[in-house]
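For the sequence shown, the UniProt record's numbering begins at 13 and goes up steadily by one.
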Amino acid sequence: FRTQVGVVGAGPAGLVLALLLQQAGISCIVLERHTREYVETRARAGFLEHRIVEFLRRNGFAKGLDLHGVQHTTCEFRLEGRQYIVPYGEMSGCAHTVYPQQFVVSDLIELFMTRGGTILFSHPVVKIEGLKDDKAVIHCQSQSLLEHSAAEKQVECDFVAGCDGFHGITRASIPSDHFSTVTRQYGIGWLALLAEVPASTERVIYALHESGFAGQMPRTPQVTRYYLECSPLDKQSDWPEERIWSELRKRMAVDGQGDDEQIPGKIIERRVLEMRSVVTETMQYGKLFLAGDAAHIITPVGAKGMNLAIADSEFLAEAFITYYREGDGTQLSKYTEMRLPHVWQTIEFSDWMLRLIHNLDESGNRTFSDRLRRARLERLCGQGDYAQSFAVNYVGK
Ligand code: RFL
Numbered sequence: 013f014r015t016q017v018g019v020v021g022a023g024p025a026g027l028v029l030a031l032l033l034q035q036a037g038i039s040c041i042v043l044e045r046h047t048r049e050y051v052e053t054r055a056r057a058g059f060l061e062h063r064i065v066e067f068l069r070r071n072g073f074a075k076g077l078d079l080h081g082v083q084h085t086t087c088e089f090r091l092e093g094r095q096y097i098v099p100y101g102e103m104s105g106c107a108h109t110v111y112p113q114q115f116v117v118s119d120l121i122e123l124f125m126t127r128g129g130t131i132l133f134s135h136p137v138v139k140i141e142g143l144k145d146d147k148a149v150i151h152c153q154s155q156s157l158l159e160h161s162a163a164e165k166q167v168e169c170d171f172v173a174g175c176d177g178f179h180g181i182t183r184a185s186i187p188s189d190h191f192s193t194v195t196r197q198y199g200i201g202w203l204a205l206l207a208e209v210p211a212s213t214e215r216v217i218y219a220l221h222e223s224g225f226a227g228q229m230p231r232t233p234q235v236t237r238y239y240l241e242c243s244p245l246d247k248q249s250d251w252p253e254e255r256i257w258s259e260l261r262k263r264m265a266v267d268g269q270g271d272d273e274q275i276p277g278k279i280i281e282r283r284v285l286e287m288r289s290v291v292t293e294t295m296q297y298g299k300l301f302l303a304g305d306a307a308h309i310i311t312p313v314g315a316k317g318m319n320l321a322i323a324d325s326e327f328l329a330e331a332f333i334t335y336y337r338e339g340d341g342t343q344l345s346k347y348t349e350m351r352l353p354h355v356w357q358t359i360e361f362s363d364w365m366l367r368l369i370h371n372l373d374e375s376g377n378r379t380f381s382d383r384l385r386r387a388r389l390e391r392l393c394g395q396g397d398y399a400q401s402f403a404v405n406y407v408g409k
């Protein structure tokens with residue numbers, strides 16, 4: 013195969029980039045490790061920022077989310093039985109759209125392929141060469157062939173877009189002395205759950221409790237995502253269903269009564285996530301450009317990961333288009349410099365919000381950090397500039 017841009021990974025970052033390149037008449041091939049069915053059913057994020065929805069609409073990628081997405085304009089914090097409702101939509105004039113990530117992925121795949129795009133599913137990339145040469149070569153294997161022999165395919169390209177997530181291969185192709193990684197591990201875990209049960213309210217709930225944070229995020233009318241703060245070392249087996257529902261009821265209680273609206277249902281996914289953010293402080297090396305989780309991961313607090321991945325691809329596509337149309341590589345050469353400040357702004361917001369919903373005790377004084385977050389919550393509900401700033405950042409205006 014020979015193409016202009018080889019895109020590694022068919023997640024939100026890779027697919028948005030591929031569609032934008034295709035629309036601009038730039039050839040690209042997407043290589044994906046997993047099957048189409050797998051990527052189209054992998055449930056993760058669900059909250060799309062206002063500006064990302066606008067961007068998807070402008071490009072004609074929003075048909076599914078406009079039909080089936082649900083607008084959210086308020087969120088609720090709970091503390092000791094009290095409910096604090098923040099009307100961030102009213103304050104910002106914008107809304108979130110809730111539309112599960114697997115549906116976004118599925119819509120983008122459908123659109124790209126209907127328009128004649130090539131995605132090689134079940135083709136894990138195993139090696140990338142020539143990143144500093146005239147042409148780069150991506151080596152991948154066909155999964156079905158893998159079972160019998162190590163038959164390999166090669167894709168020659170002008171550029172490689174590394175959109176292969178945090179555990180992908182592209183970032184690992186950059187020599188270690190060419191980048192640094194900046195990490196924060198918060199020492200907190202979240203038990204991330206998906207349950208076949210309608211949410212008890214239509215809005216997101218962030219419950220602050222002495223036993224730890226609990227969250228409820230509606231996904232579809234039948235499926236809800238829940239989070240329970242836990243130790244990052246906990247195993248799924250530490251959390252039998254009974255314990256899950258009893259902790260959710262306790263932590264999300266209103267007026268000490270338990271969240272009576274909270275009805276137990278079938279848990280369809282259960283995994284422990286470690287709260288951490290990691291930024292690779294170069295997003296490019298020679299002919300390789302990283303986008304999305306391949307370059308940075310952010311804690312799920314604030315629901316920013318998928319949005320940041322799409323925003324990277326929007327910028328990267330523009331840079332490729334300028335290069336191919338005008339022969340001007342300035343934007344490409346400034347990719348890291350232009351994107352990293354946005355990445356850090358987003359991580360700063362997520363870090364702020366994490367300290368609001370958890371009692372993050374870094375000084376050894378839990379009472380002090382608890383009082384701080386209460387003060388923060390009071391201010392947030394004051395609807396002044398502080399609340400306004402939250403609204404704009406949260407909704408992604
Ligand atoms: P993805 O989605 O991980 O896609 C990368 C793709 O690359 C493929 N791949 C390879 N392909 C070929 N060869 C190889 N060697 C390969 N190695 C990997 C993978 O199979 C995959 O298909 O990365 P991308 O596109 O950068 O998108 C990032 C988002 O997926 C991620 O940031 C979000 O899911 C994070 N996130 C959330 N983000 C939000 O904006 N809002 C949310 O509400 C939200 N909730 C979440 C989340 C992430 C979660 N988990 C599981 C970490 C909730 C959870 C539970």
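We treat Cβ as the ideally placed atom computed from N, Cα and C, and that holds for glycine.
Source: prediction; values computed, not measured.
query: Quick one, are the C-beta atoms of residue 399 and residue 125 less than 8 Å apart?
result: It is not a contact, given that the beta carbons lie outside the stated cut-off.
Hey, is residue 43 close to the ligand RFL, as in C-beta under 7 Å from one of its heavy atoms?
At least one heavy atom of the ligand RFL is nearer than 7 Å to the Cβ of residue 43, so yes.
Exercise. What does residue 153 pair with, by DSSP beta-bridge criteria?
Worked result: DSSP, once it has assigned bridges, lists 164 as partnering residue 153.
Q.
I'd like to know whether the C-beta atoms of residue 82 and residue 24 end up nearer to each other than 8 Å.
A. In terms of Cβ geometry, residue 82 and residue 24 do not form a close pair [threshold 8 Å].
Q. Of the choices 245, 290, 65 and 171, whose alpha-carbon is the least far from that of residue 179?
A. Relative to the Cα of residue 179, the nearest Cα in the group 245, 290, 65 and 171 belongs to 290.
Fill in: Which of helix, strand or coil DSSP assigns to residue 361
Correct three-state label for residue 361: helix.
Fill in: Reduced DSSP secondary structure (H/G/I, E/B, other) of residue 202
Three-state DSSP puts residue 202 in a strand.
Practice problem: Would you kindly work out how many angstroms separate the C-alpha atoms of residue 127 and residue 15, rounded to a whole number? | Solution: So the two alpha carbons sit approximately 17 Å from each other.
Practice task
Quick one: grab the DSSP three-state call for residue 370.
Solution key: The answer is coil: DSSP assigns residue 370 none of H, G, I, E or B.
Q.
Once DSSP output is grouped into helix, strand and coil, what is the label at residue 230?
A. It is a strand residue.
Open item on the list: Rounding to the nearest angstrom, what Cα-Cα distance links residue 35 and residue 69 in this structure?
Closed with: Approximately 14 Å, taken between the alpha carbons.
Is residue 319 near the ligand RFL, going by C-beta to nearest heavy atom under 7 Å?
True, at least one ligand heavy atom lies under 7 Å from that Cβ.
Starting from residue 211, trace the beta strand (DSSP E) both ways and give me its first and last residue.
-> In this chain, residue 211 is not harboured by any beta strand (DSSP E), its DSSP state being neither H nor E.
Query raised in the report: Quick one: is residue 135 buried, meaning 16 or more other Cβ sit within 10 Å of its Cβ, or exposed?
Result: That one is buried.
Which residue spans inside the stretch 59 to 121 form an unbroken beta strand (DSSP E) run of at least 3? Complete beta strand (DSSP E) runs here, min 3: 82 to 84, 87 to 91, 94 to 98 and 108 to 110.
ask   = Tell me which same chain residues have a C-beta within less than 6 Å of the C-beta of residue 85, skipping the five on either side of it?
value = The residues are 101 and 107.
**Prompt:** How would you call residue 194, buried or exposed, if buried means at least 16 neighbouring beta carbons within 10 angstroms?
**Reply:** With fewer than 16 Cβ atoms within 10 Å of its Cβ, residue 194 is classed as exposed.
Cβ-heavy atom distance, residue 113 to the ligand RFL, below 7 Å: True, at least one ligand heavy atom lies under 7 Å from that Cβ.
| task | Identify the continuous alpha helix (DSSP H) that holds residue 290 and give its terminal residues. | result | Unbroken run through residue 290 is the beta strand (DSSP E), 278 to 292; no alpha helix (DSSP H).
Using the rule of at least 16 other Cβ atoms within 10 Å of the residue's Cβ for burial, across every protein chain shown, is residue 305 buried or exposed? With a threshold of 16 other beta carbon atoms within 10 Å, residue 305 meets it and is buried.
>> According to DSSP, is residue 26 part of a helix, a strand, or is it coil?
In response: Three-state DSSP puts residue 26 in a helix.
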